[in-house]
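This report refers to the structure that appears directly beneath it.
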Amino acid sequence: MISLQCQFCGKEYKVFPHDAVKSKYCSMACYGKSQQTRPVKRCLICGKHFRSRGVLGKNKQTRHCSKECADINKKGKLLKWNPAELEIIKQKLKDGCMVKDIAKLFNKNPKTMQDLIFRQGWSCKINSDDFRLKCKIRNKKLWNNPEHIFNSQEYRNKLSAHHQNPNHVFNSSEYRQMLSDRAIKNQNGLKNFNNRTGWQKFHGGFRKDLGFYVRSRWEANIARYLNFLKQQGSIRKYKYEADTFMFHEIKRGNRSYTPDFKVYNSNGSIEYWEIKGYMDGDSQTKIKRLGKYYPQIKLIVISREQYKEIKKYARLIEGWEE
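Per numbering that gives the first Met the number 0, the sequence shown runs over residues 0 to 321.
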């Protein structure tokens, strides 16, 4: 780690080398106080006075007090483009060309070109089918290009040297610990994935009859089976991915575990169900650590054999997926 000096209070603080370019303040408190010194500007459209978004006036692109005034100015800038040029840009986007390459073709700044694409409504929504198709076409062209940096021997040798060098920052214990802490902080991010590419092969998605998102077809069927047990009075209720158990004694690796279902039995006891058609190494480690650090928790692992036994009741369960 390297030492830097805060631009607001002058205090020295340490950051990783790859974060040194973006890091300017030692804390969020100093960053917030620096925002109070933003210069006052006058809007070019309505004439209203406002504080610039840039810190200490370094961002000179802010010239409008609101999004409405910015849109009015952007519509005026849109008239400068020839309809033939707009059609060429639209076709280039369909072919999977990158924005920076299109900007280079017209001798424009990439940010200006990206702004034009957003205003025209040609940009694809992230994680949509059009977005995935566009990325697929673009990545295929990049990897098939022998002159691309990823295909160069120099780039491969550079990565190999990083992994073989024990003193490199990527191999340091501090950096690995930071990656582990960041993964724990974002552990709930996967719950918000809706029809992402990585989950499509497991038939993950939102089920209207269940009212929530599941990660696989098996989880959807087990949820319907739990609804069936609830109607029969065998259980009181259940929740999907309700609790996350943290392994605070573990510094790196599998430091948390979230079972698939939390089941409330009729007798008042609570148990957790985990759906595992295939037991990989990570899953085995998590289950073992759950038993070690939380011995009072009852976990039922539904394997392929148990799932086949439950499948015998499929004709009685509405909406069962084959």
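Ideal Cβ placement from N, Cα and C applies to all residues, glycine included.
All values reported here derive from a predicted model rather than from experimental measurement.
Asked	Found
Please state whether DSSP places residue 306 in a helix, a strand or coil.	helix
On the three-state DSSP scale, how would you describe residue 254?	coil
What does the alpha-carbon distance come out to for the pair residue 49 and residue 64?	6 Å
Less than 9 Å between the C-beta atoms of residue 100 and residue 136, yes or no?	no
Kindly indicate which three-state DSSP category residue 316 falls into: helix, strand or coil?	coil
When burial is assigned at 16 or more other CB atoms within 10 Å of the CB, is residue 142 buried or exposed?	exposed
Measure the beta-carbon distance from residue 289 to residue 244 and round it to whole angstroms, keeping in mind my assumption that it falls under 8 Å.	6 Å
Among 140, 41, 24 and 236, which residue has its Cα nearest to the Cα of residue 4?	24
Between the alpha carbons of residue 181 and residue 172, how many angstroms are there, rounded?	14 Å
In terms of DSSP beta bridges, what is residue 206 paired with?	211
Any idea if residue 272 is buried or exposed, counting beta-carbon neighbours within 10 angstroms, 16 or more meaning buried?	buried
Output needed for residue 14: all residues of its chain with C-beta closer than 7 Å, excluding positions within five of it in sequence on either side, in chain order.	0, 1, 3 and 22
Under the three-state reduction of DSSP, which class applies to residue 121: helix, strand or coil?	coil
For residue 222, which residues in the same chain have their Cβ closer than 6 Å to its Cβ, ignoring the five residues on either side in sequence?	209
If residue 270 sits next to residue 297, beta carbons under 8 Å apart, how far is it from one beta carbon to the other, in whole angstroms?	4 Å
Where does residue 4 fall in DSSP's three states?	strand
Can you name the residues that DSSP bridges to residue 260?	239 and 272
Quick check: residue 264 and residue 234, are their CB atoms within less than 9 Å of each other?	yes
Note down, one range per segment and in chain order, each alpha helix (DSSP H) of at least 4 residues found wholly within the region 105 to 163.	109 to 119, 128 to 143 and 152 to 163
Rounded to the nearest angstrom, what separates residue 144 and residue 276 at their Cα positions?	39 Å
Just the Cα atoms here: how many angstroms apart are residue 17 and residue 175?	14 Å
Which two residues bound the contiguous beta strand (DSSP E) that contains residue 11?	11 to 14
Just verifying my parser: in three-state terms, what is the DSSP assignment at residue 99?	helix
Please work out which residues of its chain come closer than 7 Å, Cβ to Cβ, to residue 41, disregarding the five sequence neighbours upstream and downstream, and give them in chain order.	48
Given this structure, state the Cα-to-Cα distance separating residue 160 from residue 12, to the nearest angstrom.	29 Å
Take residue 303 and list the residues in its own chain whose beta-carbon comes closer than 6 Å to its own, dropping the five residues that flank it on each side.	276
Buried or exposed: which applies to residue 219, given that a residue is buried once 16 or more other Cβ atoms fall within 10 Å of its Cβ?	buried
Under three-state DSSP, which class holds residue 234?	strand
Given 8 Å as the limit, is there contact between the region 115 to 122 and the region 78 to 90, that is, 3 or more CB pairs closer than that?	yes
Tell me the DSSP secondary structure of residue 244 in three-state form.	strand
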